[in-house]
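The opening position of the sequence shown corresponds to residue 1 in the numbering used here, with each subsequent residue numbered one higher. C-beta: ideal position from N, C-alpha, C; glycine also. So the structure is just underneath, and the comments pick up after that.
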Amino acid sequence: MFGSDPREQLKLLSDHIQGQGHKINRLILSGELAPQIRQDLFTKEVGIWTNPLEKIVQNFYLQYLKVLVPNDQDSVPYLSYDACFGAFIHDYEQNALSQPLDQHTIAQEEAPKPSLFGAKPMTKSPGLKAPSVGIGKRDVFIFLFSFIFSFALIWGSSQLKMIPSFGNLALLKQTTPTPEPTTVPAASPTPTPAIDRAKLKVKVLNGEGTPGKAGKVATYLKERGYSDIVTANADSFDFKQTVVRIQKDKKESLSGLVVADLADATTISLDKVEELEATETADIIIVMGADFKTTE
1 MFGSDPREQL KLLSDHIQGQ GHKINRLILS GELAPQIRQD LFTKEVGIWT NPLEKIVQNF
61 YLQYLKVLVP NDQDSVPYLS YDACFGAFIH DYEQNALSQP LDQHTIAQEE APKPSLFGAK
121 PMTKSPGLKA PSVGIGKRDV FIFLFSFIFS FALIWGSSQL KMIPSFGNLA LLKQTTPTPE
181 PTTVPAASPT PTPAIDRAKL KVKVLNGEGT PGKAGKVATY LKERGYSDIV TANADSFDFK
241 QTVVRIQKDK KESLSGLVVA DLADATTISL DKVEELEATE TADIIIVMGA DFKTTE
């Protein structure tokens, strides 16, 4: 009824019954798995004094087993049919028996009759005589009522543990799930193609007048990856500030690159970058001014 491990459910049943003001004196362990349970640990975990039905029968009701099965080699599964065995003992003791159950009565059946639970027919049994037991309607009613009441009580107590689960289920039914917003992945920026400085045509003009300084600027640019460089003099040598000019179609993509490459020698803002005339063959023209610092 309780499954392979009844401790937790029996603890709930015990708490429920004692919570109503009743006291449980003993708990009888029965069933096929009862012999496998350690009485001391079971009593400690459940919180009720326990007695195995097997020991009770062996100590106090062994003679009733001999009534059912006189042959010691046969056994009666009374742990599985504990209710039936209890009803048999009750009826046996309540009815007026022609012979008491003691060790001095010797009875012999005239004709062997089959015993309960598929045992061999009874022949001679020293000490006991199987009586002819008649079960009345009142006894049947008491037995059925006790069985049904016990089953209903145990089943009801096991459902107490499940009550919170039903409450949570009802709450889930009433709660409308909130739809989660769909996350739209951000568009990845289109990578800017790398600029190959070696393919750019650069012209360096000396606008400051110091001989050989345009060559030093060319060396400065080669150290940064430029290779196609020509040098010449500007129309005048009065440039105080270095000037950068870039072809119109490449100005947007090259301005930041050139300004960054010249940052160690001069300071030029992006808005000061000028456009080259369309007739120029160079991609970039750098007019070196007095502010351009080169390594001597």
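> CB-CB under 6 Å to alanine 282, same chain, minus the five flanking residues each way: which ones, in chain order?
Replying inline: Around alanine 282: Lys201, Lys203.
>> Are the CB atoms of leucine 33 and threonine 50 within a distance shorter than 9 Å?
In response: Cβ distance not < 9 Å, so threonine 50 and leucine 33 don't count as in contact.
>> Please give me, in chain order, every unbroken run of the alpha helix (DSSP H) with length at least 4 that falls completely inside the stretch 43-92.
In response: The stretch 43-92 contains these whole alpha helix (DSSP H) runs: 53-60, 62-68.
> Whose C-beta lies closer than 8 Å to the C-beta of aspartate 228 among residues of the same chain, with five residues either side of it excluded?
Replying inline: Closer than 8 Å at the Cβ level, and outside the excluded window around aspartate 228, lie Ala198, Lys199, Leu200, Lys201, Val202.
> How about the stretch 50-61 and the stretch 15-24: do they share at least three Cβ pairs that are nearer than 8 Å?
Replying inline: Using a Cβ-Cβ distance cut-off of 8 Å, the stretch 50-61 and the stretch 15-24 are not in contact, since fewer than three pairs of beta carbons, one from each stretch, lie closer than that value.
>> Since leucine 276 and glutamine 247 should fall inside the 8 Å C-beta cutoff, what is the C-beta to C-beta distance between them, to a whole number of angstroms?
In response: Their Cβ separation, rounded to whole angstroms, is 5 Å, which keeps leucine 276 and glutamine 247 in contact under 8 Å.
> For histidine 104, does the count of other Cβ atoms within 10 angstroms reach 16, so buried, or fall short, so exposed?
Replying inline: Low per-residue confidence applies at histidine 104: pLDDT is 43, beneath 50, and the placement is therefore not dependable enough to give any value.
> Hey, out of Gly209, Ala265, Leu254, Thr210, whose CA is closest to tyrosine 220's CA?
Replying inline: Answer by Cα proximity: Ala265.
>> Helix, strand or coil, according to DSSP, for alanine 214 in the structure here?
In response: If DSSP states are grouped into helix, strand and coil, alanine 214 belongs with the helices.
> Hey, how far is the Cα of alanine 111 from the Cα of glycine 156?
Replying inline: With a pLDDT of only 46 at alanine 111, under the threshold of 50, the placement of this residue in the model should not be trusted; the figure read from the coordinates follows. Their Cα atoms are separated by approximately 48 Å.
> What residue does the alpha helix (DSSP H) around valine 259 start on, and which one ends it?
Replying inline: Counting along the chain, the alpha helix (DSSP H) containing valine 259 begins and ends at 251-261.
> isoleucine 297 by DSSP, collapsed to three states: which one?
Replying inline: Not covered by the structure: residue 297. The range shown for the chain is 1 to 296.
> How is the beta strand (DSSP E) around isoleucine 229 delimited, first residue to last?
Replying inline: That run of the beta strand (DSSP E) goes 228-233.
>> Quick check on isoleucine 142: buried or exposed, where buried means 16 or more other Cβ atoms within 10 Å of its Cβ?
In response: Exposed is the call here.
> What are the start and end residues of the beta strand (DSSP E) that includes asparagine 206?
Replying inline: Asparagine 206 -> beta strand (DSSP E) spans 201-206.
> What residue does the beta strand (DSSP E) around valine 287 start on, and which one ends it?
Replying inline: 284-288 is the span of the beta strand (DSSP E), which, as asked, contains valine 287.
>> Distance check for tyrosine 64 and alanine 87, CA to CA, integer angstroms please.
In response: Taking the straight line from one Cα to the other gives about 12 Å.
>> Rounded to the nearest angstrom, what separates glutamate 54 and threonine 178 at their Cα positions?
In response: Each residue's alpha carbon lies about 59 Å from the other.
> Who does glutamate 275 pair with in a DSSP beta bridge?
Replying inline: Per DSSP, Ile246.
> Going by other Cβ atoms of all chains shown within 10 Å of its Cβ, with 16 needed for buried, is serine 255 buried or exposed?
Replying inline: Serine 255 counts as buried, since at least 16 other C-beta atoms from the protein chains shown sit within 10 angstroms of its C-beta.
>> Using CA atoms only, rank isn't needed, just tell me which of Ile24, Lys216, Val217, Asn206 is closest to alanine 232.
In response: Comparing Cα-Cα distances from alanine 232 to each of Ile24, Lys216, Val217, Asn206, the minimum goes to Asn206.
> Can you give the Cα-Cα distance for serine 269 and threonine 183, rounded to whole angstroms?
Replying inline: Taking C-alpha positions only, serine 269 is separated from threonine 183 by approximately 40 Å.
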